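**Student:**
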């Protein structure tokens, strides 16, 4: 079944728990829809905290949870990035990047301690974030003759469709987005209202 809704955080968020054996941790979280946005937050955090020893991170970009990445950023293998990723998964969130920065406090935490510290910092941050539900959007281009304008425009309003761009040449060509959960209804109604004269190009899912 296609995913039509997903949970993410409402806005960028920062959380700093108490120090652990002298080590300081700060979690930065942000909702994202592309890898470039996730990498952008990571770059911002690195610039803001150049003195931190590590900037470990994880993200899940797509609603299906297939586009993921994590990094230990120099910490022992699987002691930081994967625990952060597991916390994102455990909270049932996606479209999210989490960066946890660490300043060494003089006492080694060990692999187990690092896993608890990084995962705990990320998890506590997500516990405090405002979580929202987002509807998956579909983008498509529709072409139809001018005489179908009335029926098509009525359908656009009823199916919560947003027009991004319109061109008027031999036919009307519009680029639109609409909620994924209205896609089947929209296709059916468009064919019926235009007697099959409207042409839809391949849609792309947007988040």
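Residue numbers (my numbering): 295 to 501. Beta carbons are placed, not taken as given, at the ideal position from N, Cα and C, and that holds for glycine. Note that the coordinates shown come from a computational prediction; the quantities given were computed from them, not determined experimentally.
Is the distance from the Cβ of residue 436 to the Cβ of residue 468 below 7 Å?
**Tutor:** Yes, the Cβ-Cβ distance between residue 436 and residue 468 is below 7 Å.
**Student:** On the three-state DSSP scale, how would you describe residue 319?
**Tutor:** It is a strand residue.
**Student:** By DSSP, does residue 380 sit in helix, in strand, or in coil?
**Tutor:** Helix, per DSSP.
**Student:** Assuming contact is defined by CB atoms lying nearer than 7 Å, are residue 478 and residue 298 in contact in what I supplied?
**Tutor:** The answer is no: Cβ separation not under 7 Å.
**Student:** Return the chain-ordered list of same chain residues with a C-beta closer than 7 Å to the C-beta of residue 408, the five sequence neighbours on each side being excluded.
**Tutor:** Only 369, 370, 373, 374 meet the Cβ criterion.
**Student:** What is the residue span of the alpha helix (DSSP H) that residue 412 lies within?
**Tutor:** 404-422 is the extent of the alpha helix (DSSP H) around residue 412.
**Student:** For the 8 Å Cβ check, are there 3 or more pairs between the segment 438-451 and the segment 480-497?
**Tutor:** As far as the Cβ criterion goes, the segment 438-451 touches the segment 480-497, which means the pair count is three or higher.
**Student:** So, helix, strand or coil for residue 339, using DSSP?
**Tutor:** Helix.
**Student:** What is the DSSP secondary structure of residue 299, reduced to helix, strand or coil?
**Tutor:** In the structure shown, residue 299 sits in a strand (DSSP, three-state: E or B).
**Student:** What three-state label does DSSP hand residue 474 in the structure shown?
**Tutor:** In the structure shown, residue 474 sits in a helix (DSSP, three-state: H, G or I).
**Student:** Could you name the residues of the same chain whose beta carbon sits closer than 6 Å to that of residue 331, not counting the 5 residues immediately before and after it, in chain order?
**Tutor:** Taken in chain order, the list of residues that qualify is empty.
**Student:** Start and end of the alpha helix (DSSP H) containing residue 447?
**Tutor:** Unbroken alpha helix (DSSP H) run through residue 447: 443-452.
**Student:** Taking Cβ to Cβ, would you say residue 308 is nearer than 7 Å to residue 322?
**Tutor:** Cβ atoms of residue 308 and residue 322: closer than 7 Å.
**Student:** I need the boundaries of the beta strand (DSSP E) containing residue 361, first residue and last residue.
**Tutor:** No beta strand (DSSP E) holds residue 361; DSSP gives it neither H nor E.
**Student:** On the criterion of 16 or more Cβ atoms from any shown chain inside 10 Å, does residue 325 qualify as buried, or is it exposed?
**Tutor:** Buried, by the Cβ-count rule.
**Student:** Could you check what DSSP says for residue 308 in three-state terms: helix, strand or coil?
**Tutor:** Strand, per DSSP.
**Student:** Going by DSSP in three states, residue 330 sits in which element: helix, strand or coil?
**Tutor:** Helix.
**Student:** Where does residue 349 sit, in a helix, a strand or coil, going by DSSP?
**Tutor:** Residue 349 falls in the strand class under three-state DSSP.
**Student:** Anyone know if the C-beta pair for residue 347 and residue 306 falls short of 7 Å?
**Tutor:** Not in contact: residue 347 and residue 306 (Cβ atoms no closer than 7 Å).
**Student:** What is the DSSP secondary structure of residue 501, reduced to helix, strand or coil?
**Tutor:** Caution is warranted here: a pLDDT of 46 is assigned to residue 501, below 50, making its placement in the model unreliable, and the coordinate value is therefore given only provisionally. Residue 501 falls in the coil class under three-state DSSP.
**Student:** Are the CB atoms of residue 379 and residue 352 within a distance shorter than 7 Å?
**Tutor:** Yes, they are a contact pair.
**Student:** Expressed to the nearest angstrom, what Euclidean distance is found between the alpha-carbon atoms of residue 401 and residue 360?
**Tutor:** Looking at the two C-alpha atoms, the distance is approximately 37 Å.
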